[in-house]
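Peer 1:
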Amino acid sequence: MKFNSGRVVLVTLCILILMGASLFNRYPLVTSDTGAYIYHGFEKTIPEDRPVIYGIFLRYASMHDTLWYVVIAQNLLLAFVVLDFISIFLRNGRNRSKLFIVAMLALFTGISWYSSQIMPDIFAGIGLLCILNLLLKPDSGIIRKSFYSVLLLFSAISHNSHLLTYTLALLLLGVWLVLNKKSDYSLFSRKKFLLVSAVVLSGWFANPLINKMLTGKAATGGSPSIFLMARLAESGLLKRYFVKHYPPVKHISEISPERKYSILNRENQMVLDVEGPHTNQNAKIHQWNFFGGENQLFQFRKTGDQTYHIIASHSGFPLAASPENPDYIYQSSNPDDPNILNFEIILGENNYFFLYTRKDQVLEADAGNKSNGVSFREKAVNGNKEQQFRIYPSTHPKLAIYQEVIPHSTIAFLWDERSPFYKCGGWNEQTREEYKSVIMEMISKPRYLSWILIDVLQNGLKQLFHNDIGSGLFGYTKETSPFIAIDHKLNQDLNYFITSKQNTSGFGTFESFNDRYNMVLAFAYLALFIFLFSGRINADYRLAIVLVIFAMAMNAMVTGGLANVLDRLQSRIVWLVPLCAILIAWSERRAIIEKLRDVFDIRKQV
Numbered sequence: 000m001k002f003n004s005g006r007v008v009l010v011t012l013c014i015l016i017l018m019g020a021s022l023f024n025r026y027p028l029v030t031s032d033t034g035a036y037i038y039h040g041f042e043k044t045i046p047e048d049r050p051v052i053y054g055i056f057l058r059y060a061s062m063h064d065t066l067w068y069v070v071i072a073q074n075l076l077l078a079f080v081v082l083d084f085i086s087i088f089l090r091n092g093r094n095r096s097k098l099f100i101v102a103m104l105a106l107f108t109g110i111s112w113y114s115s116q117i118m119p120d121i122f123a124g125i126g127l128l129c130i131l132n133l134l135l136k137p138d139s140g141i142i143r144k145s146f147y148s149v150l151l152l153f154s155a156i157s158h159n160s161h162l163l164t165y166t167l168a169l170l171l172l173g174v175w176l177v178l179n180k181k182s183d184y185s186l187f188s189r190k191k192f193l194l195v196s197a198v199v200l201s202g203w204f205a206n207p208l209i210n211k212m213l214t215g216k217a218a219t220g221g222s223p224s225i226f227l228m229a230r231l232a233e234s235g236l237l238k239r240y241f242v243k244h245y246p247p248v249k250h251i252s253e254i255s256p257e258r259k260y261s262i263l264n265r266e267n268q269m270v271l272d273v274e275g276p277h278t279n280q281n282a283k284i285h286q287w288n289f290f291g292g293e294n295q296l297f298q299f300r301k302t303g304d305q306t307y308h309i310i311a312s313h314s315g316f317p318l319a320a321s322p323e324n325p326d327y328i329y330q331s332s333n334p335d336d337p338n339i340l341n342f343e344i345i346l347g348e349n350n351y352f353f354l355y356t357r358k359d360q361v362l363e364a365d366a367g368n369k370s371n372g373v374s375f376r377e378k379a380v381n382g383n384k385e386q387q388f389r390i391y392p393s394t395h396p397k398l399a400i401y402q403e404v405i406p407h408s409t410i411a412f413l414w415d416e417r418s419p420f421y422k423c424g425g426w427n428e429q430t431r432e433e434y435k436s437v438i439m440e441m442i443s444k445p446r447y448l449s450w451i452l453i454d455v456l457q458n459g460l461k462q463l464f465h466n467d468i469g470s471g472l473f474g475y476t477k478e479t480s481p482f483i484a485i486d487h488k489l490n491q492d493l494n495y496f497i498t499s500k501q502n503t504s505g506f507g508t509f510e511s512f513n514d515r516y517n518m519v520l521a522f523a524y525l526a527l528f529i530f531l532f533s534g535r536i537n538a539d540y541r542l543a544i545v546l547v548i549f550a551m552a553m554n555a556m557v558t559g560g561l562a563n564v565l566d567r568l569q570s571r572i573v574w575l576v577p578l579c580a581i582l583i584a585w586s587e588r589r590a591i592i593e594k595l596r597d598v599f600d601i602r603k604q605v
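For the sequence shown, numbering that gives the first Met the number 0 assigns the number 0 to the initial residue and increments by one for each residue that follows.
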């Protein structure tokens, strides 16, 4: 790449302009996810919920010194790709014109608020600009192509949503190119498209390879099945599926002595569990979060017309309790133990059972005490929820036993520690595989597949209109992940972080900025569609518009449709719409002016 003094000055000024939000804050911006990226990058460990590559970028870009270097590096890369993109439209444009466009972009869009964050979000837009520059930049030498290819690959694998967005956008662009074979391109070529496609497709192999290099295991990273399961939970489809296909036992006659079952308390949403898991006499029966262990499974052995022994599956011992100590339920290894309980199982409401231990006595949980290890007990019947239990076959997915309390938001499902997701194991390989199996079952059924596609479309459309900035940009105290990570890994930065505007006075409301931003976006989208269908711009510019629109749509479908609807996930990339609109309007300004003159002349004549 060839540089001159004028370009160096231009790039430097652009970096400072694009860093405006961090300069205003007096420190790089952080969000709740920043701490995880710092920690895993510096430790070179694979996070369960995201790729590690951006964390590694933080490790080396910060030089183990300060996050300011990271923001400078991000904005240096951003300045390069933005200026190169501008030069496609302003081939003989002066540096001050380019600087003016960058300044307008920083002033009227959210670009600076994302390029100043210690997050991979800005690379969603950087990667798309790499694609556009590779497709449309004339006379690109091998060094420039290599630079953009590497940067595109990094952008694609820095966040799983980036990779899927680029893949789908290029797929749609390929279809559009097939349908527009006769377009007269001067900059675009098939070879360029194949190069870009190859780079993006290589991203699907890059993350597993990086993970294998770090851990010896070629995992994809990011846990997409877990995020999709959370999306299905929010839509209500997951509960509907579990209720229909994985119901609890509805009548005692359904119970088979050969099968194993989990027993869930209605009030505390915890299961019977043998402490330990011990196989010895007198091991306590207490409540625990359900993880599917053998010591949480039981069999029902009929002892009379209406009575059963409940047998701990892992030990083969029945449950027992002494009348003198009704607060201690245990497993008994002595078949002649007079305290072995003959349970009478009586169906109550909504498929919950009362487990009678003696006349007028039932098994009961400690109401409201949801700690692991709290004992079950015998109590007089009162009909309350702590005395009601559901019985689920062990063949059900673990999450299915919590079908009555599945959260109705992806945020609660994924990040609330009380969520059934964490009760059943949280971020681990077993959970990922189980969720993947449930998802494959659901999409194999045409009715559920159609409901899922409708939900993806609805939430993708919602995401398109969620473009506000400011989410997550509040103060972070010493108990939070960003504070702890900066304290432990970049301690010399801690005082600057503490005294930043974000952590002191805060930014206040972004309402007025977002009102202006959304108005700019509305006009920019309108302008792009007018340009696209006017037939007055050349084929290369149309291709740029089409790719940007496809990318906006696919980003919305991937993030809002498959994960959750958040302003951050769309506003991180939507600044490309006004950038593209400004550049095409600038390059076509003479034709636009002539058209406006014609319109006004016609009005005067009328």
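C-beta: ideal position from N, C-alpha, C; glycine also.
Under a three-way DSSP split, which group does L489 fall into?
Peer 2: Taking the first residue of the sequence shown as 1, we reach residue 489 at position 490. Note: L489 maps to coil in three-state DSSP.
Peer 1: Roughly how many angstroms lie between the CA atoms of R357 and R239, to the nearest whole one?
Peer 2: Position 358 of the sequence shown holds residue 357. Position 240 of the sequence shown holds residue 239. In a straight line, the C-alpha of R357 is about 36 Å away from that of R239.
Peer 1: Please identify the residue among W574, I544, F290 whose C-alpha is closest to the C-alpha of M518.
Peer 2: Here residue 518 refers to the residue found at position 519 of the sequence shown. Comparing Cα-Cα distances from M518 to each of W574, I544, F290, the minimum goes to W574.
Peer 1: Between which two residues does the beta strand (DSSP E) containing T306 stretch?
Peer 2: The sequence position of residue 306 within the sequence shown is 307, counting from 1. Where T306 is concerned, the enclosing beta strand (DSSP E) stretches over 306-311.
Peer 1: Compare the C-alpha of L546 against each of S312, I225, T166 and name the closest.
Peer 2: The residue labelled residue 546 in the question sits at position 547 within the sequence shown. Residue T166 is the option with its Cα nearest to L546.
Peer 1: Along the chain, which unbroken stretches of the alpha helix (DSSP H) at least 4 residues long are found entirely within the stretch 285-340?
Peer 2: none
Peer 1: Work out the CA separation of V199 and S86 for me, nearest whole Å.
Peer 2: Translated into positions along the sequence shown, residue 86 becomes position 87. Translated into positions along the sequence shown, residue 199 becomes position 200. Roughly 24 Å between the two C-alpha positions.
Peer 1: Roughly how many whole angstroms lie between the Cα atoms of R567 and T409?
Peer 2: As a working note, residue 567 is residue 568 in the sequence shown. As a working note, residue 409 is residue 410 in the sequence shown. Straight-line Cα distance between these residues: approximately 15 Å.
Peer 1: Which residue or residues does DSSP assign as beta-bridge partners of P392?
Peer 2: For the purposes of this step, residue 392 is taken as residue 393 along the sequence shown, with counting starting at 1. Note: P392 sits in a beta bridge opposite Y260.
Peer 1: I'd like the span of the beta strand (DSSP E) that includes Y355, first residue to last.
Peer 2: On the sequence shown, position 356 is the one that residue 355 refers to. Taken as a continuous stretch (DSSP letters only), the beta strand (DSSP E) holding Y355 covers 352-357.
Peer 1: Pick helix, strand or coil for R189, following the three-state DSSP scheme.
Peer 2: Here the question's residue 189 lines up with position 190 in the sequence shown. Note: R189 maps to helix in three-state DSSP.
Peer 1: Does the Cβ of V70 lie closer than 7 Å to at least one heavy atom of the ligand MG?
Peer 2: In terms of ligand content, the structure shown is empty, and the ligand MG therefore cannot be addressed.
Peer 1: Quick check on DSSP: helix, strand or coil for F549?
Peer 2: For the purposes of this step, residue 549 is taken as the residue at position 550 of the sequence shown. Of the three classes helix, strand and coil, the one that applies to F549 here is helix, per DSSP.
Peer 1: Should the stretch 431-450 be called in touch with the stretch 309-329, which here means at least 3 C-beta pairs below 8 Å?
Peer 2: No, the stretch 431-450 does not touch the stretch 309-329.
Peer 1: With 16 as the cutoff for other CB atoms within 10 Å, does M441 come out buried or exposed?
Peer 2: Position 442 of the sequence shown, counted from the start, is the residue given in the question as residue 441. Burial state of M441 is buried, judged by a 10 Å Cβ sphere holding 16 or more other Cβ atoms.
Peer 1: Do the CB positions of E363 and A320 come within less than 8 Å of each other?
Peer 2: Start at 1 with the first residue of the sequence shown, and residue 363 comes out as number 364. Start at 1 with the first residue of the sequence shown, and residue 320 comes out as number 321. No. Outside cutoff.
Peer 1: Roughly how many angstroms separate the alpha carbons of L89 and K97, rounded to a whole number?
Peer 2: Along the sequence shown, one-based indexing puts residue 89 at 90. Along the sequence shown, one-based indexing puts residue 97 at 98. Here the alpha carbon of L89 sits roughly 8 Å from the alpha carbon of K97.
Peer 1: Is it the case that the Cβ atoms of P396 and E433 are separated by a distance below 8 Å?
Peer 2: Mapped onto the sequence shown, residue 396 falls at position 397. Mapped onto the sequence shown, residue 433 falls at position 434. Yes, these two residues count as a Cβ contact at 8 Å.
Peer 1: Between which two residues does the beta strand (DSSP E) carrying E620 extend?
Peer 2: A query on residue 620 cannot be resolved here, the shown segment of the chain reaching from 0 to 605 and no further.
Peer 1: What does DSSP give as the partner residues of I345 in its beta bridges?
Peer 2: Residue mapping note: residue 345 aligns to position 346 of the sequence shown, counting from 1. Looking at the DSSP assignment, I345 forms a beta bridge with F353.
Peer 1: Give me the Cα-Cα distance between F530 and R541, rounded to the nearest whole angstrom.
Peer 2: In the sequence shown, residue 530 corresponds to position 531, counting from 1. In the sequence shown, residue 541 corresponds to position 542, counting from 1. Approximately 8 Å between the Cα atoms of the pair.
Peer 1: Which residues in the same chain as A543 place their Cβ atom closer than 7 Å to its Cβ, once the five residues preceding and following it in sequence are excluded?
Peer 2: Within the sequence shown, the letter at position 544 stands for residue 543. Counting only Cβ-Cβ distances below 7 Å, and skipping sequence neighbours, we find L131, L135, C579.
Peer 1: Of all Cβ atoms in chain D, is any one closer than 8 Å to the Cβ of N288?
Peer 2: Chain labels in this structure do not include chain D; a single protein chain is all it has.
Peer 1: For the beta strand (DSSP E) holding Q386, just list the boundary residues, first then last.
Peer 2: Working through the sequence shown from its first residue, we reach residue 386 at position 387. Note, Q386: premise wrong, no beta strand (DSSP E); not H, not E.
Peer 1: From N279 to E416, what distance separates their C-alpha atoms?
Peer 2: To locate residue 279, count along the sequence shown from 1; it is residue 280. To locate residue 416, count along the sequence shown from 1; it is residue 417. Taking the straight line joining both Cα atoms gives about 32 Å.
Peer 1: For L565, report the span of its beta strand (DSSP E) as first-last.
Peer 2: The residue you call residue 565 lines up with position 566 of the sequence shown. DSSP places L565 in no beta strand (DSSP E); its state is neither H nor E.
Peer 1: Given a cut-off of 8 Å on the beta-carbon distance, is the pair F23 and K500 in contact?
Peer 2: Walking along the sequence shown from the start, residue 23 turns up at place 24. Walking along the sequence shown from the start, residue 500 turns up at place 501. Yes, they are a contact pair.
Peer 1: Given a cut-off of 8 Å, decide if I390 and I284 are closer than it, judged by their beta-carbon atoms.
Peer 2: Residue mapping note: residue 284 aligns to position 285 of the sequence shown, counting from 1. Residue mapping note: residue 390 aligns to position 391 of the sequence shown, counting from 1. No, these two residues do not count as a Cβ contact at 8 Å.
Peer 1: On the three-pair Cβ rule with 8 Å, is the stretch 496-516 touching the stretch 106-121?
Peer 2: The stretch 496-516, when compared against the stretch 106-121, does touch it at the 8 Å Cβ threshold.
Peer 1: Which residue wins for smallest C-alpha separation from T306, given the options P207, V564, M103, F342?
Peer 2: If you number the sequence shown from 1, residue 306 lands on position 307. Ranking P207, V564, M103, F342 by Cα distance to T306 puts F342 first.
Peer 1: Which complete beta strand (DSSP E) runs does the stretch 40-68 hold, if anything under 3 residues is left out?
Peer 2: Restricting attention to beta strand (DSSP E) runs no shorter than 3 residues, the stretch 40-68 encloses none.
Peer 1: Roughly how far, in whole angstroms, is the beta-carbon of V576 from the beta-carbon of Y524, given that I think they are within contact range, below 8 Å?
Peer 2: As a first step, residue 576 must be located in the sequence shown, where it is residue number 577. As a first step, residue 524 must be located in the sequence shown, where it is residue number 525. Rounded, the Cβ-Cβ distance is 6 Å, consistent with contact.
Peer 1: If G559 and K435 are in contact, beta carbons under 8 Å, what's the gap, nearest whole angstrom?
Peer 2: The residue given as residue 559 occupies position 560 in the sequence shown. The residue given as residue 435 occupies position 436 in the sequence shown. 21 Å between Cβ atoms; not a contact.
Peer 1: Measuring alpha carbon to alpha carbon, tell me which residue in F241, D326, L236, Q116 is nearest H407.
Peer 2: Residue numbering aside, residue 407 sits at position 408 when the sequence shown is read from its first letter. Among F241, D326, L236, Q116, the Cα nearest to that of H407 is on L236.
Peer 1: Residues bridged to E363 by DSSP?
Peer 2: Here residue 363 refers to the residue found at position 364 of the sequence shown. E363 is bridged to R376.
Peer 1: Helix, strand or coil for D467 per DSSP?
Peer 2: Taking the sequence shown and counting its residues from 1, the one referred to as residue 467 is at position 468. In the three-state reduction of the DSSP assignment, D467 falls in the coil class, being assigned neither a helical nor a strand state.
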